[in-house]
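Asks: If you use our numbering, the sequence shown corresponds to residues 1 to 96, in order.
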Amino acid sequence: MPVAPLQTVAVASTSYTTPPSVAFAFEPDSILCVNRSAAAADIVYISFDGVTDHALLVPGTVPSLEFQAKRPNVWLRRDAGAANPTNVSVMANTVR
1 MPVAPLQTVA VASTSYTTPP SVAFAFEPDS ILCVNRSAAA ADIVYISFDG
51 VTDHALLVPG TVPSLEFQAK RPNVWLRRDA GAANPTNVSV MANTVR
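(1) For valine 109 and arginine 96, what's the separation of their Cα atoms in angstroms?
(2) When the Cα atoms are used, what is the spatial distance from asparagine 93 to valine 51?
(3) Comparing C-alpha positions only, which one of Ser15, Ser21, Ala4 and Pro72 sits nearest to valine 88?
(4) With 16 as the cutoff for other CB atoms within 10 Å, does leucine 76 come out buried or exposed?
(5) For tyrosine 45, which three-state DSSP category applies?
(6) If you drop the 5 nearest sequence neighbours on each side, which residues of the same chain put their C-beta closer than 6 Å to that of phenylalanine 48?
(7) Does the distance from the CB of alanine 41 to the CB of alanine 82 come in under 8 Å?
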């Protein structure tokens, strides 16, 4: 069963970058994203295509999200009011 080790990404950009923030070597069944900040303003957006905002991580409200979807790439961008950088931990696994 492939597992991607925990990666901590320092999210510095307010727009999605090329290449993706995290690229997995396999197609995961589950992806966990955790905003490591405690400051409420440090909002981070998540995308699976590098264009569309699919979710956001808000410290103190929704600091972590698990996605049960087959997505090989994750893009992260910080809100304009967030600290530069804002750290986000990402991990993934599959049952295959």
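By construction, the Cβ of each residue, glycine as well, lies at the ideal position given by its N, Cα and C atoms.
Replies: Working from what's here:
(1) Since the first residue of the chain shown is 1 and the last is 96, residue 109 is not available in this structure.
(2) 24 Å
(3) Ser21
(4) Looking at its Cβ environment, which holds 16 or more other Cβ atoms inside 10 Å, leucine 76 is buried.
(5) strand
(6) Taking C-beta separations shorter than 6 Å and ignoring five residues to either side along the sequence, the partners of phenylalanine 48 in its chain run His54 and Arg71, following chain order.
(7) yes
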